[in-house]
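Protein chains in written order, with our numbering: chain A, 59 to 349; chain B, 14 to 312.
Where a beta carbon is used, it is the ideal one built from N, C-alpha and C, also for glycine.
Working notes, structure below.
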Amino acid sequence: MIAQLITSGVLVGGLYALVAVSLNLVFGVLRIINFAQGEFLMLAMYAAYWLWRLGVDPYLAILVVAPGMAILGAACEKFLIRRTLSAPAHVKIFVTLGLSIALQNIALLWFKADYLNVRASYQTSILSVAGLSLSIPRLIAFAAMLLSSGALYLFLQRTDIGKAIRATAQDRATASLMGIDVDHVYMVTFALGSALVGLTACLLMPIYYVFPTVGTEFVIVAFVVVVLGGLGSLAGSIVGGLLIGVVEQLSGLFIDISLRQVVYFAVFILVLAIRPAGLFGLRGAEEMGLK
Amino acid sequence: MSGEFWLDLAVLTLVWAGIACAWNILAGYAGQFSLGYSAYIGIGAYTPALLASKYGLSPWIGMFLGALLAATAAAFISGVSLRARGPFFTLMSIAFAEVARILAVYFKGITNGSEGLMLELRPSWATLYFLDKPPYLLVAAAYAALMFAIAVGIRRSRLGFQLLALREDESAARSLGVPVLRVRVGASMISASGAALGGTILAFYTQFIDPDSTMSFLISVQPALDHDARGPRQLLRPAFRRASRCAPRASTQKHIGRRSVRSSRTRLRPPTHGDPADNARRHRRGMASHDQTTSRKAR
Chain A
59 MIAQLITSGV LVGGLYALVA VSLNLVFGVL RIINFAQGEF LMLAMYAAYW
109 LWRLGVDPYL AILVVAPGMA ILGAACEKFL IRRTLSAPAH VKIFVTLGLS
159 IALQNIALLW FKADYLNVRA SYQTSILSVA GLSLSIPRLI AFAAMLLSSG
209 ALYLFLQRTD IGKAIRATAQ DRATASLMGI DVDHVYMVTF ALGSALVGLT
259 ACLLMPIYYV FPTVGTEFVI VAFVVVVLGG LGSLAGSIVG GLLIGVVEQL
309 SGLFIDISLR QVVYFAVFIL VLAIRPAGLF GLRGAEEMGL K
Chain B
14 MSGEFWLDLA VLTLVWAGIA CAWNILAGYA GQFSLGYSAY IGIGAYTPAL
64 LASKYGLSPW IGMFLGALLA ATAAAFISGV SLRARGPFFT LMSIAFAEVA
114 RILAVYFKGI TNGSEGLMLE LRPSWATLYF LDKPPYLLVA AAYAALMFAI
164 AVGIRRSRLG FQLLALREDE SAARSLGVPV LRVRVGASMI SASGAALGGT
214 ILAFYTQFID PDSTMSFLIS VQPALDHDAR GPRQLLRPAF RRASRCAPRA
264 STQKHIGRRS VRSSRTRLRP PTHGDPADNA RRHRRGMASH DQTTSRKAR
C-alpha cells in the first residue's frame, strides 16, 4: 500500500517537476512571478484537446503545440513583460496577474467551464511491475520529463545562448556589460519556458481534464517546488517535484486529502523561513537580481 | 442610476479606502508587498459574524476580538517571514492566506465551510445590522477616517520613520539601532488589525460570508491595486481610484451577477513613480540631493 502510494507519488511528482522546470527557468532568469504560466498551460491543454478532436494524438500534438507556445511566449515577453522590467515590483506582479485573470475569464467565456478530456486506447493501460501498478501515460510523462530536463541541462551548459541565459540569471548588469543582449536572452528564456509548458500540456492531456482554472492548481504546486528545490537549480526542481508528489500522496493517507494544499504550503513556508535558497540552490541565490 | 447604486458605491469605496490605508502601513511604509491580506480580512469578517450569530455577542465587541486575532496571526506571520525578501515575501504572504482560506473551508463545524454564513440579526445599531444602506455609509466613513488618521499618525511617529528607514536600507537602519523585529512585527500587527476591522464592516454590509468570496486571493489583490504603495499624502488618490473601480463593478453586479466582473475589477495601472528600491539606490549613489520625505511634501 505504502509502496504503491510512493510510486504513484513519484509519477505525479514527475508532472509537477515538469511544470516547475519551466517556471524555474522563467522565475530564475527574469525574477518575475509569472502568474500567467498556469494559464499558458491551460491554453496549451485546450490546443491539445482541439487537435485531438481533429484526430491528432496528444503525443503527436507536441510537435505543433510546443512551437506554438514558444511563439506565444516570445510575443508575450516582447510586448508585455519587457515593458515592465524596470518598473516597481508590484507592477511586474500585476502585469502577469492581470494577464492570468484575463486569460482565465476569456477561456471561461469561450470554452465554458466544462471539464474536457481526451479518450485514447492507451489511456487506462497499466504496467504491473513487482506488484505495483504503473499507469502508462504517467510513465511516458515521467520519461519525457527526464529527457526534456536532460536536454535543457545540456542546452544551458553547452550552447552559447545557454551560457548567456545562465550569466543573465546570475547578474543582469554584468552580463550586459559582457556584451550579452539581455533583452534577447529574456525573450529566448520566455519562449523556451512556454515551449516546455506546451510539452507538459500535451503529456498531461491523456491523464487529466482541461478546464479554465486548471493552470492555477499546477502553478501553485510549481511555485512550491521551485522554492523547495532552489531557484535556478534544475536538479532541485526535479527532486522537489518528486518529493512534493510523494508528500501529497502520503498526506492523503495519513492526514486528509482535502488538506493536501495546506501540507504544500506548510512545506513552502518552512523552506522560505529556514533555508530561502532551497534544497539545491546556492545560498544567497534568492537575493540575486533583486538589488 | 438610482440612489441605491451611489450609496453602494460610496460604502464600498470608503471601506476599501480604509483597508488600503491599513495595508499601506506594511506594504507602503515598510515596503513589504503583501498579497495575503485576505487572511486578515477573513478573520475580521468571520470572528464577529460567528460570535454574533451563534452567541449573540455584539459585533462592537466581536470586531475588536477579530482585530486582536488578526494581530496575533500577523505577529506570527511576520515573525516567520522576517527573512524573506522581495517576491519571496509576496509568495509567502500568498501561501499564508491560502492556508487560512483552506482551513476556513475545512473546518465546516465552525465556519459552515463553502456553504457560507448568512447573517440574520435583529436590525439595530447594537447588532450593526441594518436593512437599508445609509447607516452603513456612516460606519464606513467613520472607519475610513479612523484608518486615515492612524496611517497619518504612524507616518509622523517614530515608528513611521523607523519603517521607512528599514524599507530604504535594512542594514543601515539596523546599524543605527532600529529594532528590526519589533518594528516589523508591530507594524504588521497594527496593519492587520486595521484590515480586520474593514473585514468586519464588509461582512455586516454584505450580510453573507463564505471562504471563496471573503478570503479569495483576489480579495488580497484589492488593497494593492487601490493603493500605489505610497505615503499617506496621497491617501485620497486611492479613494478616487476605488470609486472608478467600483463603479463598473456595482453596475455590472446588478445586471450579470457577481462572479463575472473580476476582470474589470483588476484593471492594470501604469507605474507613476520609481520604486522604493530604485530610490534607495539613487540615494546611496548620492544622485538624489534631497530625501524622499521632502520630495513627497513638495509634491
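Practice task
Return the chain-ordered list of same chain residues with a C-beta closer than 6 Å to the C-beta of A:ALA253, the five sequence neighbours on each side being excluded.
Solution key: ALA124, MET127 and ALA128
Exercise for the section: State the DSSP-derived secondary structure class of B:ILE222, mapped to helix, strand or coil. Expected result: strand
Problem - Three-state secondary structure assigned by DSSP to B:TYR142 - result: strand
Exercise for the section: Just the C-alpha distance for B:GLN305 and A:LEU261, rounded to the nearest angstrom, thanks. Expected result: Below a pLDDT of 50, predicted positions are generally treated as unreliable, and B:GLN305, at 39, falls in that range; the measurement from the model is reported next regardless. Rounded to whole angstroms, B:GLN305 to A:LEU261 spans 52 Å at the Cα level.
Practice task
Under 6 Å Cβ to Cβ from B:PRO224, same chain only, skipping five residues before and after it: list those, please.
Solution key: ARG114, ALA117 and VAL118
Problem - Counterpart residues of A:ILE184 in DSSP-defined beta bridges - result: A:SER193
Practice task
Enumerate in chain order the residues of its own chain whose CB-to-CB distance from B:ILE32 is below 6 Å, with the five nearest sequence positions on each side excluded.
Solution key: ALA208, GLY211 and PRO236
Problem - Own chain, CB closer than 7 Å to A:THR247, minus 5 neighbours either side, in chain order - result: LEU83, VAL84, VAL87, LEU88 and ILE223
Exercise for the section: Take B:ILE123 and list the residues in its own chain whose beta-carbon comes closer than 8 Å to its own, dropping the five residues that flank it on each side. Expected result: LEU63
Exercise for the section: Leaving aside the five residues before and after B:HIS286 along the sequence, list all residues of the same chain whose C-beta is less than 6 Å from its C-beta, in chain order. Expected result: Unreliable positioning characterises B:HIS286 in this predicted model, as indicated by a pLDDT of 43, which lies under 50. A coordinate reading is not provided.
Practice task
Taking B:THR94 as part of the alpha helix (DSSP H), name the residues at either end of that continuous run.
Solution key: Residue 94 of chain B is actually Ser in this sequence, not Thr. Careful: B:SER94 lies outside any alpha helix (DSSP H) and carries neither H nor E.
Practice task
Check the Cβ of B:PHE46 against every Cβ in chain A and list those closer than 8 Å, keeping chain order.
Solution key: ALA147, HIS148 and ILE151
Practice task
Answer yes or no: does any C-beta atom of chain A fall closer than 8 Å to that of B:SER94?
Solution key: yes
Problem - A:SER207 classed as buried or exposed, judged by whether at least 16 other C-beta atoms fall within 10 angstroms - result: buried
Problem - Beta-carbon gap between A:VAL77 and A:PHE276 smaller than 8 Å - result: yes
Handout entry: Assigned secondary structure, A:LEU174 (DSSP; H/G/I helix, E/B strand, else coil)
Key = strand
Problem - At least three beta-carbon pairs within less than 8 Å, the segment 307-318 of chain A to the segment 100-115 of chain A - result: no
Handout entry: Endpoints, the alpha helix (DSSP H) within which B:ARG168 is located
Key = 147-169
Handout entry: is_contact[A:LEU155, chain B] using C-beta, thresh 8 Å
Key = yes
Handout entry: Backbone CA spacing between B:ALA216 and B:GLY44 [nearest angstrom]
Key = 28 Å
Practice task
Determine whether the Cβ of B:PHE101 lies closer than 8 Å to any Cβ atom of chain A.
Solution key: yes
Practice task
Compute the Euclidean distance between the alpha carbons of A:LEU73 and A:ALA188, then round it to the nearest angstrom.
Solution key: 23 Å
Practice task
Starting from the beta carbon of A:ILE91, find every residue of chain B whose beta carbon is closer than 8 Å, and list them in chain order.
Solution key: PRO100, THR103 and LEU104
Handout entry: DSSP-derived helix/strand/coil call for A:VAL268
Key = strand
Handout entry: Where the alpha helix (DSSP H) containing B:GLN45 begins and where it ends
Key = Unbroken run through B:GLN45: none, as it is neither H nor E.
Practice task
Determine whether the Cβ of B:TYR119 lies closer than 8 Å to any Cβ atom of chain A.
Solution key: yes
Handout entry: B:ALA52 beta carbon less than 8 Å from that of B:ALA86
Key = yes
Handout entry: Proximal residues, the segment 34-58 of chain B versus chain A, C-beta separation under 7 Å
Key = PHE46
Exercise for the section: Closer than 7 Å, Cβ to Cβ, to anything on chain A: give me those residues from the segment 212-228 of chain B, in chain order. Expected result: none
Handout entry: Interface positions of the segment 309-325 of chain A facing chain B (Cβ-Cβ less than 7 Å), listed along the chain
Key = SER316, LEU317, GLN319, VAL320 and PHE323
Practice task
To the nearest angstrom, report how far apart B:THR60 and B:GLY79 are at their CA atoms.
Solution key: 5 Å
Practice task
Could you round the C-beta distance between B:PHE221 and B:MET76 to whole angstroms and report it? I think they count as a contact, below 8 Å.
Solution key: The pair is not a contact, with the Cβ atoms about 17 Å apart (cut-off 8 Å).
Practice task
Identify every residue that forms a DSSP beta bridge with B:SER137.
Solution key: B:TYR142
Exercise for the section: Report buried or exposed for A:THR258, applying the criterion of at least 16 other Cβ atoms within 10 angstroms of its Cβ. Expected result: buried
Handout entry: Among B:SER91, B:VAL191, B:SER206 and B:PHE174, the one whose alpha carbon lies nearest that of B:SER160
Key = The sequence shown places Met at residue 160 of chain B, rather than the Ser named in the question. The shortest C-alpha separation from B:MET160 is found at B:SER206.
Practice task
Give the interface partners of A:PHE281 over in chain B, defined as CB-CB distance under 7 Å, in chain order.
Solution key: LEU104
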